[in-house]
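Below: the structure, in C-alpha coordinates.
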Amino acid sequence: MKPKLTHALFNSFLLLAGCTSSPKQAKNTKSHADMTIDGGSDDLIPVVAALHDQMHTAGNPYEWGGTEQSGVDCSGFVWRTLKDRFNLPMERITTRELLHMGVRVNKRDLRPGDLVFFRTGRDARWLYDTDHNFLHASSSRGVMRSSLDNPYWESAFYQARRLPKEYNAQITMNSDTLHLAKNRR
(Lines of atoms letter the chains of each structure in order from A and count residues from 1; the text may use other names and numbers.)
(Lines give C-alpha, C1' and ligand atoms only; values in the text may rest on other atoms or scores of the structure.)
Protein backbone atom coordinates (compact mmCIF):
# COMPACT_ATOMS: atom_id res chain seq x y z
CA MET A 1 0.00 0.00 0.00
CA LYS A 2 1.33 3.45 -0.87
CA PRO A 3 2.52 5.57 2.09
CA LYS A 4 0.04 8.41 1.41
CA LEU A 5 -2.90 6.01 1.28
CA THR A 6 -1.74 4.25 4.45
CA HIS A 7 -1.40 7.59 6.22
CA ALA A 8 -4.87 8.68 5.04
CA LEU A 9 -6.44 5.42 6.24
CA PHE A 10 -4.73 5.72 9.63
CA ASN A 11 -5.91 9.32 10.06
CA SER A 12 -9.44 8.28 9.05
CA PHE A 13 -9.35 5.61 11.74
CA LEU A 14 -8.23 8.15 14.32
CA LEU A 15 -11.08 10.46 13.37
CA LEU A 16 -13.61 7.64 13.65
CA ALA A 17 -12.11 6.34 16.89
CA GLY A 18 -12.46 9.77 18.44
CA CYS A 19 -16.14 9.96 17.43
CA THR A 20 -17.29 6.60 18.73
CA SER A 21 -17.56 5.01 22.11
CA SER A 22 -16.39 1.53 22.86
CA PRO A 23 -18.30 -1.04 24.88
CA LYS A 24 -17.06 -1.91 28.33
CA GLN A 25 -14.67 -4.83 28.22
CA ALA A 26 -15.74 -8.03 29.95
CA LYS A 27 -13.33 -9.57 32.42
CA ASN A 28 -10.94 -12.24 31.18
CA THR A 29 -11.20 -11.19 27.55
CA LYS A 30 -8.35 -10.13 25.32
CA SER A 31 -7.46 -6.52 25.84
CA HIS A 32 -5.31 -3.97 24.10
CA ALA A 33 -2.43 -5.46 26.06
CA ASP A 34 -2.38 -8.36 23.64
CA MET A 35 -0.85 -5.80 21.30
CA THR A 36 2.46 -4.16 22.01
CA ILE A 37 3.15 -0.70 23.35
CA ASP A 38 6.34 -0.46 21.39
CA GLY A 39 5.34 -2.30 18.22
CA GLY A 40 5.68 -1.33 14.60
CA SER A 41 3.06 0.53 12.59
CA ASP A 42 0.78 -2.53 12.61
CA ASP A 43 0.51 -2.18 16.38
CA LEU A 44 -0.24 1.55 16.56
CA ILE A 45 -3.97 1.37 15.92
CA PRO A 46 -4.72 -0.81 18.98
CA VAL A 47 -2.42 1.34 21.12
CA VAL A 48 -4.17 4.52 20.00
CA ALA A 49 -7.53 2.86 20.65
CA ALA A 50 -6.43 1.89 24.17
CA LEU A 51 -5.30 5.44 24.91
CA HIS A 52 -8.55 6.88 23.58
CA ASP A 53 -10.48 4.38 25.73
CA GLN A 54 -8.61 5.69 28.77
CA MET A 55 -9.83 9.21 28.04
CA HIS A 56 -13.17 8.18 29.56
CA THR A 57 -11.58 9.65 32.69
CA ALA A 58 -11.21 13.10 31.06
CA GLY A 59 -12.10 15.82 33.53
CA ASN A 60 -11.78 13.56 36.57
CA PRO A 61 -10.20 15.61 39.36
CA TYR A 62 -6.54 15.68 40.30
CA GLU A 63 -5.79 14.16 43.68
CA TRP A 64 -2.27 13.91 45.09
CA GLY A 65 -1.45 10.19 45.36
CA GLY A 66 -4.75 9.22 43.76
CA THR A 67 -5.20 6.17 41.54
CA GLU A 68 -8.98 5.91 41.26
CA GLN A 69 -11.57 7.55 39.01
CA SER A 70 -12.60 9.74 41.93
CA GLY A 71 -9.17 11.39 41.76
CA VAL A 72 -5.79 10.67 40.21
CA ASP A 73 -2.35 12.28 40.02
CA CYS A 74 0.20 12.08 37.17
CA SER A 75 1.86 8.84 38.18
CA GLY A 76 -1.49 7.34 39.18
CA PHE A 77 -2.91 8.09 35.74
CA VAL A 78 0.11 6.56 33.98
CA TRP A 79 0.07 3.53 36.30
CA ARG A 80 -3.66 2.98 35.90
CA THR A 81 -3.43 3.30 32.10
CA LEU A 82 -0.54 0.83 31.84
CA LYS A 83 -2.27 -1.58 34.20
CA ASP A 84 -5.84 -1.31 32.87
CA ARG A 85 -5.25 -0.77 29.16
CA PHE A 86 -1.99 -2.64 28.54
CA ASN A 87 -2.00 -5.25 31.33
CA LEU A 88 1.49 -4.29 32.44
CA PRO A 89 1.59 -5.85 35.91
CA MET A 90 3.49 -3.37 38.02
CA GLU A 91 3.27 -1.69 41.36
CA ARG A 92 2.82 2.03 41.61
CA ILE A 93 6.28 3.51 40.98
CA THR A 94 8.04 6.85 41.02
CA THR A 95 9.10 9.09 38.16
CA ARG A 96 12.72 8.25 38.93
CA GLU A 97 11.97 4.55 38.46
CA LEU A 98 10.00 5.20 35.26
CA LEU A 99 13.00 7.11 33.89
CA HIS A 100 14.92 3.82 33.91
CA MET A 101 12.27 1.68 32.24
CA GLY A 102 12.28 0.76 28.57
CA VAL A 103 14.46 2.67 26.16
CA ARG A 104 14.98 6.35 25.61
CA VAL A 105 13.48 7.68 22.37
CA ASN A 106 14.00 10.91 20.48
CA LYS A 107 11.14 13.42 20.59
CA ARG A 108 10.76 13.25 16.80
CA ASP A 109 10.33 9.44 17.04
CA LEU A 110 7.48 9.42 19.57
CA ARG A 111 4.76 6.80 19.15
CA PRO A 112 1.44 6.40 20.93
CA GLY A 113 1.99 4.87 24.37
CA ASP A 114 5.48 6.31 24.91
CA LEU A 115 6.08 7.98 28.26
CA VAL A 116 6.99 11.66 28.07
CA PHE A 117 8.72 13.50 30.90
CA PHE A 118 8.89 17.22 31.61
CA ARG A 119 10.87 19.48 33.93
CA THR A 120 8.17 21.47 35.67
CA GLY A 121 9.50 21.73 39.20
CA ARG A 122 7.53 18.60 40.12
CA ASP A 123 7.77 14.99 39.07
CA ALA A 124 6.02 14.98 35.73
CA ARG A 125 5.34 12.06 33.44
CA TRP A 126 2.65 11.46 30.86
CA LEU A 127 1.62 9.26 27.96
CA TYR A 128 2.13 10.33 24.37
CA ASP A 129 -1.05 10.05 22.29
CA THR A 130 -0.94 11.18 18.64
CA ASP A 131 -0.23 14.30 16.60
CA HIS A 132 2.04 15.89 19.24
CA ASN A 133 -0.55 15.38 22.00
CA PHE A 134 -0.16 13.65 25.33
CA LEU A 135 -2.52 12.51 28.08
CA HIS A 136 -1.99 13.56 31.67
CA ALA A 137 -3.54 14.53 34.97
CA SER A 138 -3.38 18.30 35.38
CA SER A 139 -3.39 19.58 38.95
CA SER A 140 -5.84 22.33 37.94
CA ARG A 141 -7.98 20.60 35.27
CA GLY A 142 -7.79 16.88 36.02
CA VAL A 143 -7.30 14.25 33.32
CA MET A 144 -6.84 15.90 29.94
CA ARG A 145 -5.04 15.97 26.58
CA SER A 146 -2.39 18.66 25.91
CA SER A 147 -0.13 19.58 23.00
CA LEU A 148 3.65 19.20 22.93
CA ASP A 149 3.60 22.22 20.60
CA ASN A 150 2.41 24.47 23.43
CA PRO A 151 5.40 26.72 24.23
CA TYR A 152 5.24 25.80 27.94
CA TRP A 153 5.43 22.04 27.31
CA GLU A 154 7.89 22.45 24.45
CA SER A 155 10.38 24.26 26.69
CA ALA A 156 9.81 21.90 29.64
CA PHE A 157 10.25 18.66 27.63
CA TYR A 158 12.90 16.46 29.25
CA GLN A 159 12.85 13.01 27.65
CA ALA A 160 10.69 10.17 26.37
CA ARG A 161 10.82 6.44 27.06
CA ARG A 162 9.39 3.50 25.16
CA LEU A 163 8.17 0.66 27.35
CA PRO A 164 8.84 -3.03 26.74
CA LYS A 165 7.59 -4.51 23.51
CA GLU A 166 6.29 -7.59 25.27
CA TYR A 167 3.34 -6.64 27.46
CA ASN A 168 4.27 -9.40 29.86
CA ALA A 169 7.92 -8.40 30.26
CA GLN A 170 8.89 -8.98 33.85
CA ILE A 171 9.17 -5.76 35.74
CA THR A 172 10.66 -6.20 39.17
CA MET A 173 11.49 -3.50 41.65
CA ASN A 174 13.35 -3.27 44.90
CA SER A 175 14.71 -0.41 46.95
CA ASP A 176 18.14 -0.42 45.28
CA THR A 177 17.48 -1.05 41.61
CA LEU A 178 14.85 -1.32 38.98
CA HIS A 179 15.27 -4.27 36.65
CA LEU A 180 13.49 -4.62 33.37
CA ALA A 181 13.75 -8.06 31.84
CA LYS A 182 13.78 -6.81 28.27
CA ASN A 183 14.50 -3.65 26.28
CA ARG A 184 16.53 -1.82 28.91
CA ARG A 185 19.28 0.59 27.90
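For the sequence shown, position 15 (counting from the first letter as 1) is numbered 252 according to my numbering, and the numbering increases by one without interruption.
Note that CB positions come from ideal geometry on N, CA and C, so glycine has one too.
Here the structure is a predicted model, which means the values were calculated and not measured.
- Fewer than three Cβ pairs drawn from the region 297-305 and the region 353-372 lie within less than 8 Å of each other, which leaves the two stretches out of contact.
- Between the alpha carbons of M381 and H289 lies a distance of about 11 Å.
- By the criterion of a C-beta distance shorter than 7 Å, S375 is surrounded in its chain by Y299, M381, once the five residues flanking it on both sides are discounted.
- For the 8 Å CB-CB criterion, V315 and L352 form a contact.
- Counting along the chain, no alpha helix (DSSP H) covers G379; the unbroken beta strand (DSSP E) around it starts and ends at 379-384.
- For L372, there is no enclosing alpha helix (DSSP H); the enclosing beta strand (DSSP E) covers residues 370-375.
- The three-state reading of DSSP puts E334 in helix, counting H, G and I together.
- The bridge partners DSSP lists for Y365 are F371.
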